[in-house]
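This report concerns only the one structure given below.
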Amino acid sequence: MQENKYINRELSWLQFNTRVLQEAEDETVPLIERLRFLGIFSNNLDEFFKVRYATVKRIDLAGKAGKSALGGMKASKLLEDITKVVIKQQSESLKILDKIQQRLRDEHGICVINEKEVSESQQKFVKDYFLSHVSPALVTIVLNDLEELPSLKDSAAYLAVTMEMKPVKPSGKISKLVKGEKKERKYVLIEIPRSIERFVVLPSDNEKQYIIILDDLIRYNLNSIFNIFEYETISAHMIKITRDAELDIDSDLSKSFIEKISESVKDRIKGDPVRFVYDKNIDKETLTYLMNKMGIDHADSIIPGGRYHNRRDYMGFPRLGSKELLYDTKEALPIPGLALQTSLIQGTGKKDHMLYAPYQSFSYVVKFLREAALDPKVKTIKITIYRLAKISHIASSLINAVKNGKKVLVQIELRARFDEAANIKYAEQMQREGVKLIFGVPGLKVHCKTCVIEREENNGKLKKYGFISTGNFNESTSKIYTDYTLFTANQEILKEVNKVFDFFETNYKVSKYRHLIVSPHYTRAALTKLIQNEIENQLEGKPAGIKLKLNSLSDYPMIDKLYQTSRAGVKVKLIVRGINCLIPGVPGMSENIESISVVDKFLEHPRVFIFENAGNPKVYISSADLMSRNLDNRVEIACPIYDNDIKQEVIDGFEISWSDNVKARVFSEKQNNAYRKKTKPRVRSQEALYDYYLNKNENFKQ
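In this text, residue positions in the sequence shown follow UniProt numbering: the first is 1, and each later residue adds one.
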């Protein structure tokens, strides 16, 4: 038997981020899109350190080995391994950035310049822009006279400025330095303002386009900032600190849940530091001074980096140059047989329909809710909300419904990581307008995505309509996340959705379900039973097989069950975008398991469970990954697909993704993110899926 049965979760996640970095390195990806992948890579890393690294650090500081929770590794060893991997990734990302910027300059005349490359014709613009836009927004902190450093913002970038001062006599005149005497130094931190675009487009020159990063624009104007000081030399190097993002929720019973979460989010600025990134060219004396001042210790991840941090800002790199620098934009398609110009509620009442965003338009979700808000026969709307867009038409529609006399119940998860502030804002707004809010279940996050409405039909009876999704009801992310949403009027399914809402309101009342698979009470047992059924079918010579599409697979008991399935001879196909702790293809353990990851233009986000079931496949879409938190500590829904056409559509979608040989990487013991070999005709699954839905529309018209 294999000695190590699992890949460590944190190291597996870092391998996922390597796949993102591969997209930045891929020369077939348009250049500006490659820059954006660098931004995604950096943003992912920030969140990883705030959450996962911080968790491992807490285990280490508590004096616990943490082996059972960390896949057999000691916490201290894992912290070291993470830092080594990240240093290597950061070094690679800097090389990729240099190559991309060189190609933009040489091939497209798009020049990202630094403060030393500003031309005479650009000087006035740079100075004027600084004085009018940047200078008023700067927060500048002189450190020398401070006993205690003010709390630095999590993941904000700072320029660490070092001034070597001219020797001054008591009279105020400049004096010569005595031999062996050290020059006085002043240390200053300048916070790079987030309120200003990081990339400043300069006036074009010689038919070229010039961009200066805000950091360098500030460097160019250092003398304007510090002209009151008598210094001989001045230098500026970037640093960044990442803090533990865990929320410590107050137990004060006199405070509302919104108040507690709001205060916890504000308190994040006081979280312990977990990562310190610095410009590797900074001098040792300045670096030592800063680390001592900030209380950075051995348990923190100390990463030597490049000249610029917060490369997540490259996600917003200006749209310059020709179309070839960006991905082609394709119009989101309609759902065959369900026109946005007609009643979606009536269309749903006739037949189930499936939306697969962004290939098809997310407008169907918004239109469904807008229609429900206006329809006089709609009496109630119940919906779960996990992450809303900054400007949310979903929230507007729900408020509109209340104004039209509907009863609206919203389960909103205020603890949606890094979206707490946005959710709190909308919660307060909806509460003011009369929407009834539920703030989750004690000890559980509500992660399921569902909506059910009740409408009075012509016969006077109430009929339920609704939708269940694998992703958030978020107009912004729906353009870049792939997700399924099932529109249905199946009364048995929607009756069980209502039971989930009953659980939100009466937590001690746990219902039973015949159709839905609901966490935390039933998902683990139900999936185990479905997997066991495939084992028994295999042993009886019946058709057997399992196909799972997931974001993450890290629950060890579920992995063990899949290993058992493999040993029984059942073929298992896994498409896992991110964390995958299962080791496929190991003789005697997992030789019947194959696993790939697809990373491409869109973020692969749906969860799909397909069981062969002796030739009559059972198909589910779900909000749950196979992680312990989704199975045991969250409210999740897996919904069966009963409509045969939609069932085949989901199976086809899985097979198209499985056939990818352009953007698919193969999971193996080596953890080397090797691309799948092209032994068959080229298939880039995200392109093929768009064509699949385009053909469905054309065939429907015929």
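Quick reminder that beta carbons are idealized off the backbone N, C-alpha and C, glycines included. None of the values given here were measured: they were computed from a predicted structure.
Buried or exposed, going by whether 16 or more other CB atoms sit within 10 Å of the CB of residue i?
i	result
ASN699	exposed
GLN123	exposed
PRO520	buried
ASP691	exposed
LEU214	buried
VAL201	exposed
ILE82	buried
LEU131	exposed
SER121	exposed
LEU14	buried
ILE391	exposed
MET1	Note that MET1 scores 44 on pLDDT, short of 50, meaning its location in the model is unreliable; the coordinates nonetheless yield the value given after this. Burial call: exposed.
ARG432	exposed
LEU689	buried
ILE480	exposed
ILE303	buried
GLN102	exposed
ALA638	buried
LEU374	exposed
THR384	buried
ARG275	buried
ALA696	Inspection of the sequence shows that residue 696 is occupied by Lys rather than by Ala. Its Cβ being crowded by 16 or more others within 10 Å, LYS696 is buried.
Using CA atoms only, rank isn't needed, just tell me which of the options is closest to residue i.
i	options	result
ILE493	ALA525, GLY471, LYS461, ILE453	ILE453
ILE141	GLN411, GLN491, HIS515, ILE192	ILE192
LYS166	TYR210, GLU184, ILE468, GLY615	GLU184
ASN644	MET354, LEU104, HIS237	MET354
TYR522	LEU104, GLU232, LEU631	LEU631
SER476	ARG319, LYS542, ASN537, ALA357	ALA357
VAL599	PRO617, CYS581, VAL608, ARG577	ARG577
PRO617	GLY306, LEU548, SER590, PRO336	LEU548
LEU61	GLN564, LEU78, GLY585, LEU398	LEU78
PRO640	PHE487, ALA157, MET73, SER91	PHE487
PRO336	VAL619, ILE646, ALA688, GLU285	ILE646
ASN221	VAL586, MET291, GLU115	GLU115
ALA137	ILE218, ALA24, ALA389	ILE218
PHE37	GLU47, ASP46, ASP26	ASP26
GLN341	ASN404, VAL161, ARG370	ARG370
ILE212	ILE113, VAL56, LEU11, ASP660	ILE113
ASN281	ASN8, GLY349, HIS237	HIS237
ARG387	ALA422, GLY405, THR380, PRO376	ALA422
PRO376	ASN474, LYS445, ASN404	ASN404
ARG676	SER12, ARG19, VAL85	ARG19
For residue i, which residues does DSSP report across the bridge?
i	result
LYS208	ASP205
LYS509	Answer is none; LYS509 lacks a bridge partner.
TYR465	ILE453
ALA157	LYS240
ARG607	SER622
VAL165	The displayed chain sequence assigns Met, not Val, to residue 165. Paired residue(s): TYR231.
GLU636	SER519
PRO193	Partner(s): none; PRO193 has no beta bridge.
LYS407	THR380
LYS573	LYS547, GLU594
MET354	LEU486
LYS436	LEU409
LEU333	GLN360
PRO304	TYR278
CYS111	TYR210
LYS445	ARG634
ASN458	Answer is none; ASN458 lacks a bridge partner.
If we define contact as Cβ-Cβ less than 8 Å, is residue i a contact residue for chain D?
i	result
LYS407	Here chain D cannot be found, since the structure has a single protein chain.
For the 8 Å Cβ check, are there 3 or more pairs between the segment 303–313 and the segment 35–51?
yes
At a cut of 8 Å, does the segment 218–229 reach the segment 184–191 through at least three beta carbon pairs?
yes
Which full runs of the beta strand (DSSP E) of 3+ residues lie inside the segment 516–562, going along the chain?
517–519, 546–550
Contact the segment 318–337 vs the segment 232–244: 3+ CB pairs below 8 Å
no
Please determine if the segment 658–666 and the segment 588–603 are in contact, where contact requires at least 3 C-beta pairs separated by less than 8 Å.
Verdict: yes, contact present.
Would you call the segment 432–450 and the segment 394–413 touching, i.e. three or more CB-CB distances under 8 Å?
yes
For the segment 570–585 and the segment 533–550, state whether three or more C-beta atom pairs, one from each stretch, are separated by less than 8 Å.
yes
Could you tell me whether the segment 196–211 touches the segment 96–103, where touching means 3 or more Cβ pairs closer than 8 Å?
The segment 196–211 makes no contact with the segment 96–103: fewer than 3 CB pairs, one atom from each, lie closer than 8 Å.
So, does the segment 499–511 touch the segment 476–485, judging by three or more C-beta pairs under 8 Å?
no
Segments assigned beta strand (DSSP E), at least 3 residues, entirely inside the segment 644–677
Whole beta strand (DSSP E) segments, 3+ residues: 664–666.
With contact counted as at least three CB pairs below 8 Å, one residue from each stretch, are the segment 585–592 and the segment 603–619 in contact?
Taking 8 Å as the limit for Cβ pairs, the verdict is that the segment 603–619 does not touch the segment 585–592.
Unbroken beta strand (DSSP E) runs of length 3 or more, entirely within the segment 40–66: which are they?
none
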